[in-house]
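Reviewing the structure listed below.
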Amino acid sequence: EIVLTQSPTTTAASPGEKVTITCLASSSVSNMYWYQQKSGASPKLLIYSTSSLASGVPDRFSGSGSGTSYSLTINTMEAEDAATYYCQQWSSNPPTFGAGTKLELK
Amino acid sequence: QVQLQQSGAELVKPGSSVKISCKASGYTFTSYDMHWIKQQPGNGLEWIGWIYPGNGNTKYNQKFNGKATLTADKSSSTAYMQLSSLTSEDSAVYFCARGAYWYFDFWGPGTMVTVSS
Numbered sequence: 171e172i173v174l175t176q177s178p179t180t181t182a183a184s185p186g187e188k189v190t191i192t193c194l195a196s197s198s199v200s201n202m203y204w205y206q207q208k209s210g211a212s213p214k215l216l217i218y219s220t221s222s223l224a225s226g227v228p229d230r231f232s233g234s235g236s237g238t239s240y241s242l243t244i245n246t247m248e249a250e251d252a253a254t255y256y257c258q259q260w261s262s263n264p265p266t267f268g269a270g271t272k273l274e275l276k
Numbered sequence: 009q010v011q012l013q014q015s016g017a018e019l020v021k022p023g024s025s026v027k028i029s030c031k032a033s034g035y036t037f038t039s040y041d042m043h044w045i046k047q048q049p050g051n052g053l054e055w056i057g058w059i060y061p062g063n064g065n066t067k068y069n070q071k072f073n074g075k076a077t078l079t080a081d082k083s084s085s086t087a088y089m090q091l092s093s094l095t096s097e098d099s100a101v102y103f104c105a106r107g108a109y110w111y112f113d114f115w116g117p118g119t120m121v122t123v124s125s
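Sequence lines, in order, name chains X and W.
The number in our numbering is simply the position in the first sequence, starting from 1, with 170 added.
The number in our numbering is simply the position in the second sequence, starting from 1, with 8 added.
As structure tokens, this is what we get:
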């Protein structure tokens, strides 16, 4: 199965700061998907097909990448963005998730 | 709007089985895969499998073969997952999630299963 390695594991950002989360795949994947999970809640789709914003997601979020390296960027951190972020692939079975990146508000 | 309503928390004994439910509304239940995903406390997400309610087809993560059984009731738009021979390793939150091509676009709130004697 494809292993997804996220970095950093934990990070903190001040309001207005730019945040980048990286997801490295153990084999090349055609697309990456990103989810946001706030404490005590279920994951919410943020980005699909590497760079497309899910419905209702603010445009300060963006995704990019190809092959084995993908990233999620928050252009200007807001307090409500404090959460854990997961990448996910389904280029091969089974679909797998990264271990998550916890983003805290500084 | 799409909603997935899951059954309540379960406290079950080791060696027993549990069946949790996921009632869908706001879309055509038989037209989308329903997936199940496991999250252990402090851990990441693990895909268990999917069922296509339209015809009952299923596919499982090999790791969960023999552990999870997925079913669906078209008449009530409800998907079910039965977990058998429960151990402490099965203690987790289990999410149902609607499938959209290669990702999961709507998630249920999760059902916590605690395995303890």
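Glycine included, each C-beta is placed from N, C-alpha and C at the ideal position.
Note down, in chain order, each residue of its chain lying with its Cβ closer than 6 Å to the Cβ of residue i, except the 5 sequence neighbours on either side.
i              : result
residue 232(X) : 243
residue 108(W) : none
residue 240(X) : 193, 202
residue 118(W) : 101, 103
residue 79(W)  : 88
residue 55(W)  : 45, 69
Expressed to the nearest angstrom, what Euclidean distance is found between the alpha-carbon atoms of residue i and residue j?
i              : j              : result
residue 123(W) : residue 23(W)  : 9 Å
residue 126(W) : residue 114(W) : The question about residue 126(W) has no answer here: the residues shown for chain W are numbered 9 through 125.
residue 203(X) : residue 52(W)  : 15 Å
residue 62(W)  : residue 276(X) : 48 Å
residue 102(W) : residue 92(W)  : 14 Å
residue 74(W)  : residue 96(W)  : 16 Å
residue 41(W)  : residue 13(W)  : 16 Å
residue 10(W)  : residue 32(W)  : 7 Å
residue 273(X) : residue 257(X) : 14 Å
residue 84(W)  : residue 36(W)  : 12 Å
Measure the CB-CB distance between residue i and residue j and report whether it falls below 8 Å.
i              : j              : result
residue 104(W) : residue 76(W)  : no
residue 110(W) : residue 260(X) : yes
residue 185(X) : residue 249(X) : yes
Measure how close the beta-carbons of residue i and residue j come, nearest whole angstrom, since I'm counting them as under 8 Å.
i              : j              : result
residue 172(X) : residue 266(X) : 6 Å
residue 29(W)  : residue 15(W)  : 4 Å
residue 220(X) : residue 237(X) : Not really, about 11 Å apart at Cβ, beyond 8 Å.
residue 188(X) : residue 246(X) : 7 Å
residue 194(X) : residue 205(X) : So it is not a contact: roughly 17 Å between Cβ atoms.
residue 72(W)  : residue 57(W)  : 6 Å
residue 70(W)  : residue 27(W)  : 22 Å between Cβ atoms; not a contact.
Grab the span of the beta strand (DSSP E) containing residue i for me, first residue to last.
i              : result
residue 106(W) : 100 to 108
residue 55(W)  : 53 to 60
residue 192(X) : 189 to 195
residue 20(W)  : 18 to 20
Which residues in the same chain have their Cβ closer than 8 Å to the Cβ of residue i, if we skip the five residues on either side of it in sequence?
i              : result
residue 217(X) : 202, 203, 204, 223, 224, 227, 231, 232, 233, 242
residue 200(X) : 261
Run through chain B and tell me which residues come within less than 7 Å of residue i, C-beta to C-beta.
i              : result
residue 267(X) : Note that chain B does not occur in the displayed structure, where the protein chains are X and W.
Residues in the same chain with beta-carbon distance under 7 Å from residue i, minus the five sequence neighbours each way, listed in chain order, please.
i              : result
residue 98(W)  : 91, 121, 123
residue 269(X) : 176
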